[in-house]
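Peer 1: Next up is a structure, given as structure tokens.
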Amino acid sequence: MVENRPVLTLVSHLILLLGLATVALPLWVAFVASTLPQDAMVAGTIPLLPGDAFLANWGEAVARGLAKAGGVPVGMMLVNSLVMALGIALGKIVISILSAYAVVYFRFPFRMPIFWLIFVTLMLPVEVRILPTFKVVADLGMLDSYAGLTIPLIASATATFLFRQAFLTIPDELLEAARMDGAGPLKFFRDILLPLSWTNIAALFVILFIYGWNQYLWPLIVTTDESYYTIVMGIQRMVTVSDEEPRWGIVMATACLAMLPPVAVVVAMQRLFVKGLVDAEK
Numbered sequence: 083m084v085e086n087r088p089v090l091t092l093v094s095h096l097i098l099l100l101g102l103a104t105v106a107l108p109l110w111v112a113f114v115a116s117t118l119p120q121d122a123m124v125a126g127t128i129p130l131l132p133g134d135a136f137l138a139n140w141g142e143a144v145a146r147g148l149a150k151a152g153g154v155p156v157g158m159m160l161v162n163s164l165v166m167a168l169g170i171a172l173g174k175i176v177i178s179i180l181s182a183y184a185v186v187y188f189r190f191p192f193r194m195p196i197f198w199l200i201f202v203t204l205m206l207p208v209e210v211r212i213l214p215t216f217k218v219v220a221d222l223g224m225l226d227s228y229a230g231l232t233i234p235l236i237a238s239a240t241a242t243f244l245f246r247q248a249f250l251t252i253p254d255e256l257l258e259a260a261r262m263d264g265a266g267p268l269k270f271f272r273d274i275l276l277p278l279s280w281t282n283i284a285a286l287f288v289i290l291f292i293y294g295w296n297q298y299l300w301p302l303i304v305t306t307d308e309s310y311y312t313i314v315m316g317i318q319r320m321v322t323v324s325d326e327e328p329r330w331g332i333v334m335a336t337a338c339l340a341m342l343p344p345v346a347v348v349v350a351m352q353r354l355f356v357k358g359l360v361d362a363e364k
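Take 83 as the starting number for the sequence shown in this note's numbering and just add one per residue.
Below is the structure:
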């Protein structure tokens, strides 16, 4: 048990405040930079208080974007990233929970070798799989499409393993009782397993949503049409210029906008996320 001493309490609060400042200061600097005019950014001095170009920078980012990013409005790139993140998160969860259900509750030949073969794919880095995957996507005509952005990334050995471990903790007596009540495999899955797995699903959804939102390499390879650019690609293209100084105010406004959806997901699902992580460790 932690001792309740005033000195220890003061030290712990100071450490928490230091950690908060370490995390929040770069975010505040990015926000302040998004409110400054271009000449102030070129001068290399960033004040502590916001400037007067907030509406100009944020409005231009949302409405028109930058020519260096294909002239795609940030709103469109946010929609593309949202579609990709939701598709990846929901697809991974659906496929993984069904795969884990089949591995745990059904008996078929080579059941465990198939599971461990899926698990072994965790040892393959993305760079090893990305070229063969691109070839398949190109042959199927899924370049420059939402299907090409999401479908190749929806398989997840990690989520399958976590759901399998969660299902193994459910007592066998529960399955036997469901069978005695006449519940078939689908009813048992829908009425018993799913309600017991909501916290795990919520925790995985938050992690997988952020994973999908932060994707850069795969969208860069499979998209050449500006209308399918994601927000991460847009920020990179805004920064990578050779003939002029980047429009840092608009770049920082775009970066701030890119942080909002993941933060909203974490805040909205915070309790379920923490509970899911705690339940997974039991």
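All residues carry an ideal CB built from backbone N, CA and C; glycine is no exception.
So, helix, strand or coil for N296, using DSSP?
Peer 2: Position 214 of the sequence shown, counted from the first residue, corresponds to residue 296. In the structure shown, N296 sits in coil (DSSP, three-state: anything other than H, G, I, E or B).
Peer 1: Return helix, strand or coil for I212, following the three-state DSSP convention.
Peer 2: Here residue 212 refers to the residue found at position 130 of the sequence shown. Three-state result, I212: helix.
Peer 1: What is the rounded straight-line gap between the Cα of L250 and the Cα of V186?
Peer 2: As a first step, residue 250 is located in the sequence shown; it is residue number 168 there, counting from the start. As a first step, residue 186 is located in the sequence shown; it is residue number 104 there, counting from the start. One C-alpha to the other measures close to 7 Å.
Peer 1: At which residue ranges does the region 139 to 189 contain complete alpha helix (DSSP H) runs of 4 or more residues, listed in the order of the chain?
Peer 2: Within the region 139 to 189, the complete alpha helix (DSSP H) runs of at least 4 residues are 156 to 187.
Peer 1: Under 8 Å, do I170 and T232 count as touching if we go by C-beta distance?
Peer 2: Start at 1 with the first residue of the sequence shown, and residue 170 comes out as number 88. Start at 1 with the first residue of the sequence shown, and residue 232 comes out as number 150. For I170 and T232, yes; Cβs fall inside 8 Å.
Peer 1: Going along the chain, which residues of its own chain have a beta-carbon closer than 6 Å to the beta-carbon of M224, five neighbours each way excluded?
Peer 2: Numbered from its first residue, the sequence shown carries residue 224 at position 142. The answer, listed in chain order, is G230.
Peer 1: Assuming V208 and V288 are in contact, meaning their beta carbons sit under 8 Å apart, how far apart are those beta carbons, in whole angstroms?
Peer 2: Taking the first residue of the sequence shown as position 1, residue 208 is located at position 126. Taking the first residue of the sequence shown as position 1, residue 288 is located at position 206. Their Cβ separation, rounded to whole angstroms, is 21 Å, which puts V208 and V288 out of contact at 8 Å.
Peer 1: So is L330 buried or exposed if we call it buried at 16+ other beta carbons inside 10 Å?
Peer 2: Position 248 of the sequence shown holds residue 330. Reading off the sequence, residue 330 comes out as Trp, not Leu. W330 comes out buried.
Peer 1: Could you give the DSSP three-state label for M262: helix, strand or coil?
Peer 2: Numbered from 1 along the sequence shown, position 180 holds the residue referred to as residue 262. DSSP places M262 in helix when its eight states are reduced to three.
Peer 1: By how many angstroms is the C-alpha of L290 removed from the C-alpha of F355?
Peer 2: Counting from one through the sequence shown, the residue named residue 355 turns up at place 273. Counting from one through the sequence shown, the residue named residue 290 turns up at place 208. The alpha-carbon atoms of F355 and L290 are separated by roughly 12 Å.
Peer 1: Which whole-angstrom value describes the C-beta separation of Q318 and Y293, a residue pair presumed to lie in contact below a C-beta threshold of 8 Å?
Peer 2: Residue 318 sits at position 236 when you count from the first residue of the sequence shown. Residue 293 sits at position 211 when you count from the first residue of the sequence shown. In fact, because the Cβ distance is near 18 Å, the residues do not count as touching under 8 Å.
Peer 1: Report the CB separation of L286 from I177 in whole angstroms; it is logged as a contact under 8 Å.
Peer 2: Residue 286 sits at position 204 when you count from the first residue of the sequence shown. Residue 177 sits at position 95 when you count from the first residue of the sequence shown. Rounded, the Cβ-Cβ distance is 12 Å, inconsistent with contact.
Peer 1: Does E363 come out as helix, strand or coil in the three-state DSSP assignment?
Peer 2: The sequence position of residue 363 within the sequence shown is 281, counting from 1. Low local confidence applies: a pLDDT of 49 at E363 is under 50, so the model's placement there is unreliable, and no value is given.
Peer 1: Determine the DSSP secondary structure at R329, reduced to helix, strand or coil.
Peer 2: Position 247 of the sequence shown, counting from 1, holds the residue named residue 329. Coil at R329, not helix or strand.
Peer 1: Following the continuous alpha helix (DSSP H) through R319, name the residue where it begins and the one where it ends.
Peer 2: Numbered from 1 along the sequence shown, position 237 holds the residue referred to as residue 319. Start and end: I313 to V321.
Peer 1: On the CB-based measure, 16 or more other CB atoms within 10 Å of its CB, does P191 come out buried or exposed?
Peer 2: On the sequence shown, position 109 is the one that residue 191 refers to. Looking at its Cβ environment, which holds fewer than 16 other Cβ atoms inside 10 Å, P191 is exposed.
Peer 1: Closest by CA to I179, which one among S309, R272 and E308?
Peer 2: To locate residue 179, count along the sequence shown from 1; it is residue 97. For I179, the nearest C-alpha among the options comes from R272.
Peer 1: Just to confirm my understanding: we take V219, look at its own chain, exclude 5 residues before and 5 after, and list those with CB closer than 7 Å. What are they?
Peer 2: The residue given as residue 219 occupies position 137 in the sequence shown. Within the same chain, V219 has close Cβ partners L225, G230, P234 and V304.
Peer 1: Would you kindly work out how many angstroms separate the C-alpha atoms of K217 and V156, rounded to a whole number?
Peer 2: Locating residue 217 in the sequence shown gives position 135, counting from the first residue. Locating residue 156 in the sequence shown gives position 74, counting from the first residue. So the two alpha carbons sit approximately 30 Å from each other.
Peer 1: Is the beta carbon of L160 closer than 8 Å to that of V313?
Peer 2: As a first step, residue 313 must be located in the sequence shown, where it is residue number 231. As a first step, residue 160 must be located in the sequence shown, where it is residue number 78. Correcting the residue identity first, residue 313 is Ile in this sequence and not Val. Against a cut-off of 8 Å, the Cβ pair of L160 and I313 comes out as a contact.
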